[in-house]
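This report refers to the structure that appears directly beneath it.
The following block contains the structure:
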């Protein structure tokens, strides 16, 4: 491999690490949302009144992060699929095609979840 190819692959690896960290941040936001929801349910179970925390902003942030991260990995899969040479091994072409479809389907699922969240957003007071 030439120097330019190695540098490009290193840049992609660095970007992938950043987007994986964003995915972890999204999971942590989701955990925070579940923790807040659990606390509100425990208060209700004890008969305590009080304001239920707004979970929508937490869920929206987590969902938006997931869509962004999956969009990056979809772009990466498209780029990989486009770069496969016709003379590449059939297994390599099949793997790139499978990864592209998987990335597309996961991205679309995240978009559907974000759309569902937005459709069920609480009305502002």
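Residue numbers (UniProt numbering): 1 to 125.
The beta carbon of each residue, even a glycine, is placed where N, CA and C say it ideally should be.
The closest CA to that of residue 99, considering only 76, 15, 89, 11, is found on 76. Annotation for residue 46: no alpha helix (DSSP H) segment contains it, and DSSP assigns it neither H nor E.
DSSP, reduced to helix, strand and coil, places residue 88 outside both helices and strands of the structure shown, so it counts as coil.
Taking a C-beta distance under 7 Å as the contact criterion, residue 30 and residue 64 do not qualify as a contact pair.
Collapsing the DSSP output to three states places residue 14 in a helix. Judged by DSSP secondary structure, residue 75 falls within the alpha helix (DSSP H) whose first and last residues are 56-83. Between the C-alpha atoms of residue 8 and residue 55 there is a straight-line separation of about 40 Å.
Between residue 22 and residue 71, the beta carbon gap of about 11 Å keeps them out of contact (Cβ cut-off 8 Å). By the 16-neighbour rule on beta-carbons within 10 angstroms, residue 47 is exposed.
Between residue 36 and residue 53, the C-beta spacing is below 7 Å.
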